[in-house]
Structure formats: C-alpha cells, structure tokens
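S.K.: Going by the working numbering, the sequence shown opens with residue 226, and the numbers climb by one from there.
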Amino acid sequence: MDTYLVSVLNGLAMGSLLFAIALGLSLVFGMMDVLNLAHGAVYLVGAYVAVALLGDGGGPAAFVAAVLTAAAAGAALGGALAAMTRAAPHHLDQALLTLGVALVVAELLTVAFGSDVHSLPAPVPVDGGVRILGETYPVYRLLVIAFGVVLAIAVHRLVERGPLGAVIRAAVADRAMVAALGVNTGRVLVGVFAAGAALAAVGGVLAGPILGAQPGLDEKVLLLALVVVVVGGLGSVRGALLGAVLIGQVQALGVALLPEYASFLLFAAMAAVLLVRPAGLLPAAAGVRA
C-alpha cells in the first residue's frame, strides 16, 4: 500500500503538470478553434529557461524569476502564434504552420543548450522530503499538486464563471456582435492564446525538477497534452483537470504495476473513454452549464 500511495501521489503531481500544460491547448482549440502543435515547443522553452536560471540550483527568488521569465517568453510566443494562425483559417494549415514553428524552436534550443539531458534540482527550501505512511515523499511534488488545485480553482472561476469567460465565449461565437458592443475581439483572442502559452512555459519550469529538459521532450509532452484534451473534452477547465488527473494516474500506476504495458494503457484509457463519451468526459458545453 505504501508503494501504491507513492504512485498515486506521483500521478497527482504529473496530473497537475499536465493540467497546466493542456489547459491552454484545450482553451485555444476548444474556444478559438485553433490547432496549435507548437504547444510542446513552448513548454520546452520554459524548461530550458529553468536550465539557464536554475541549472546550479537556487532559492525561491531564483525560482520565481524563472517562472516569471518563462511566462513572459511563453506569452510572447503565444502572441506571435496567434498572429500567424490568424492567416490560416483551416486546421490543416494551422497544424502545418505551428508544426513548422515547433521544429524551428526545438532546433534553436538544441543549438543553444546541446543535446544532453539536463536535470534540475528542486528549490533549496523544498528539496527535502516528508514522511507519509512510512514513505518519504518529495515536498516539491506535494507543492506541484497544490499548485494544480489552486490553478484549477482560479481558472474555473475566471473562465467558466466569470465575466471574462463570457466575453471570450461570445467573441468566439459571434465576433461581429461583440465588436459592435465595443469589445476589441482581436485583443481578447490573442490574450487567450498568450495566456495558454504562458501556462505551458510555466509548466516547463515546474516540471524541470521532475522531468528535466532534453530534446524530444516537447513531442512527448504535446502527445500527453493532446490525450488529456481528447479525454477531458475541448474548451472545458473541469474537463482538462479531470483528463489530466486520469492520465496522470494511468501513467504513474501503469509504470509502477505494468511497466512493459504503460504506453499501451495510456492509449487504451483514451480509447475506452471515447467509446463511452465521444466528445470527452466534460466537453465545453457541459462544463459551461455545470
């Protein structure tokens, strides 16, 4: 049971990271109808920002600086991607455009940081562990779980319950009508894209002490984020959270119990959900009404 508890906690920590990463992808695709395959590359930018600023360790101030720097870099990339995809109305064009951007960004990061695997220590005050039912568990991962909970509550209130979410959904549904009311719809949609990219970059910093940074990690993270979005349902904060927690648990428990079938279990879980709920567990319409 102690071993299973550690795996469950690892699944929650991974789920929190996947939620932060997949949330922007879900909102941009589900609410703006833009397929962004450069989302994993934005995550990798955040991971390498952590390498540059925290490679030798650091305290809370250095970690906060890395988070803020990554958020700014992610927001800038998100704004640029929003401007580029505006001229690509079809999903195939968007996929090809953002995939090209992802390849260029990943190659530039490889040139700048090399092809080695970079591991990162947790910030000094939280680099230890605590005893939970006889097992020592890293404090940093518990803080990552807490971050996911706080983020879920904040974004749910802001997007699905607050006036900003209503403006975003209205701008997606009928831009002309919202613009007639005096709202700058272009700025609203660019803001959603930038915020989603900033979350992905921050996720890269937070995942640094757990996953590190290396070439190719962007592809793995993008794949996991897409699975979370498909399972949870497009455009829903609660759907992204539920999908992230589910996929995090499947991955952690699969590696612990059936390591040779871990990858299969991930996609088997997605297939099982889609057989029962083709639109995902909590697609946008259900999430908005709930």
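Beta carbons are placed, not taken as given, at the ideal position from N, Cα and C, and that holds for glycine.
For Met309, which option in Leu260, Gly468, Gly441 and Pro388 has the closest C-alpha, if you only look at C-alpha atoms?
M.R.: Leu260
S.K.: Check the DSSP bridge columns for Ile357 and list the partner residues they point to.
M.R.: In DSSP, Ile357 forms a bridge with Glu360.
S.K.: Do you know how far the Cα of Arg394 is from the Cα of Leu436?
M.R.: 34 Å
S.K.: For Ala405 and Gly299, which I take to be in contact (beta-carbon distance under 8 Å), what is that distance rounded to the nearest angstrom?
M.R.: Their Cβ separation, rounded to whole angstroms, is 32 Å, which puts Ala405 and Gly299 out of contact at 8 Å.
S.K.: What residue range is occupied by the uninterrupted alpha helix (DSSP H) comprising Leu278?
M.R.: His264 to Leu279
S.K.: Would you report the Cα separation of Met239 and Gln476, rounded to the nearest angstrom?
M.R.: 9 Å
S.K.: Mark Met257 as exposed unless 16 or more other C-beta atoms lie within 10 angstroms of its C-beta, in which case mark it buried.
M.R.: By the Cβ-count criterion, Met257 is buried, with 16 or more other Cβ atoms from all chains shown falling within 10 Å of its own Cβ.
S.K.: Skipping 5 residues on each side, what residues in its chain have a beta carbon closer than 6 Å to that of Val498?
M.R.: Excluding positions up to five away in sequence, the list reads Val456.
S.K.: On a CA-only basis, which of Gly460, Tyr486 and Gln474 is nearest Val253? Give me that one, please.
M.R.: Minimum Cα-Cα distance from Val253 among the listed residues Gly460, Tyr486 and Gln474 corresponds to Gly460.
S.K.: Using a Cβ cut-off of 8 Å (strictly closer), state whether Leu506 contacts chain D.
M.R.: Considering every chain present, this structure includes no chain D. It has just one protein chain.
S.K.: DSSP has His315 in a bridge; who is on the other side?
M.R.: Its beta-bridge partners do not exist; DSSP assigns none.
S.K.: For the alpha helix (DSSP H) containing Arg400, name the first residue and the last one.
M.R.: Arg400 to Ala405
S.K.: Among the residues of its own chain, which have a CB less than 7 Å from the CB of Leu414, if the five just before and after it don't count?
M.R.: Taken in chain order, the residues that qualify are Met257, Ala307 and Ala396.
S.K.: Threshold first: 4 residues or longer. Then list the alpha helix (DSSP H) segments lying entirely within the stretch 373-459, N to C.
M.R.: 388-398, 400-405, 410-436 and 442-457
S.K.: Let's see if you can read the secondary structure: which residues bound the alpha helix (DSSP H) around Ser461?
M.R.: Looking at the DSSP string, Ser461 is not in any alpha helix (DSSP H), and its letter there is neither H nor E.
S.K.: Out of curiosity, what's the CA-to-CA distance linking His343 and Ala438?
M.R.: 5 Å
S.K.: How long is the line joining the alpha carbons of Gly373 and Gly416, rounded to whole angstroms?
M.R.: 21 Å
S.K.: Just the Cα atoms here: how many angstroms apart are Leu250 and Ala469?
M.R.: 12 Å
S.K.: I need the boundaries of the alpha helix (DSSP H) containing Leu293, first residue and last residue.
M.R.: Pro285 to Thr310
S.K.: Of the choices Ala286, Val231 and Asn235, whose alpha-carbon is the least far from that of Leu358?
M.R.: Val231
S.K.: Between Tyr268 and Ile246, how many whole angstroms is the CB-CB distance? I'm expecting something under 8 Å.
M.R.: 6 Å
S.K.: Leaving out five residues on either side along the sequence, give the residues of the same chain with a beta carbon under 8 Å from the beta carbon of Arg514.
M.R.: Confidence in Arg514 is poor, its pLDDT being 40 and thus under 50, which makes the residue's placement too unreliable to answer from.
S.K.: How about Ala426 and Gly271: do their beta carbons lie closer than 8 Å?
M.R.: yes
S.K.: Along the chain, where does the alpha helix (DSSP H) that runs through Ala493 open and close?
M.R.: Its alpha helix (DSSP H) spans residues Ala487 to Val501.
S.K.: Rounded C-beta distance between Ala487 and Leu471? I'm assuming under 8 Å.
M.R.: In fact, because the Cβ distance is near 15 Å, the residues do not count as touching under 8 Å.
S.K.: Under the assumption that Gly241 contacts Ile378 (Cβ atoms under 8 Å), give the Cβ distance between them as a whole number of angstroms.
M.R.: In the sequence as displayed, the identity of residue 241 is Ser instead of Gly. Contact flag wrong, Cβ pair sits at about 13 Å.
S.K.: Near Leu506, what residues of its chain come up, given a Cβ to Cβ distance below 7 Å and the 5 sequence neighbours on each side ignored?
M.R.: Residues of the same chain with a CB within less than 7 Å of the CB of Leu506, apart from the 5 flanking positions on each side, are Val456, Gly457, Gly458, Gly464, Leu467, Gly468 and Val498 in chain order.
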